[in-house]
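Asks: So that we are looking at the same thing, I have put the structure below in structure tokens.
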Amino acid sequence: MPMDINIGDVVELKKQHACGCKEFEITRVGMDIKIKCTKCLRSIMLDRETVEKRIKKIIKK
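FYI, the UniProt record's numbering numbers position 30 of the sequence shown as 30, with every residue one higher than the one before it.
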């Protein structure tokens, strides 16, 4: 069953981005999930399964 992730949620991932930030904002939800780094504002699009495995915790809903 898919995790309850919505647009606008801020999540902490297990691995940090190249800029050193671990917090990402969800900008698109579906089979693929688009996340945006909260520090450098870069966008990354990954499949849902990969993102759900990498999420450590949901910071803000």
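The beta carbon of each residue, even a glycine, is placed where N, CA and C say it ideally should be.
Keep in mind it's a predicted model, so treat the numbers as computed, not measured.
Where does T27 sit, in a helix, a strand or coil, going by DSSP?
Replies: Here T27 sits in strand by DSSP.
Asks: What does K60 pair with, by DSSP beta-bridge criteria?
Replies: The partner list for K60 (beta bridge, DSSP) reads V10.
Asks: Under the assumption that E52 contacts M3 (Cβ atoms under 8 Å), give the Cβ distance between them as a whole number of angstroms.
Replies: About 5 Å separates the two Cβ atoms, so the contact holds.
Asks: Who does D32 pair with in a DSSP beta bridge?
Replies: Looking at the DSSP assignment, D32 forms a beta bridge with D47.
Asks: Using 10 angstroms around the beta-carbon of I26, count the other beta-carbons present and answer buried if the total reaches 16, otherwise exposed.
Replies: So I26 counts as buried.
Asks: Report back the beta-carbon spacing between K57 and E12 to the nearest angstrom; my notes put them in contact at under 8 Å.
Replies: Their Cβ separation, rounded to whole angstroms, is 5 Å, which keeps K57 and E12 in contact under 8 Å.
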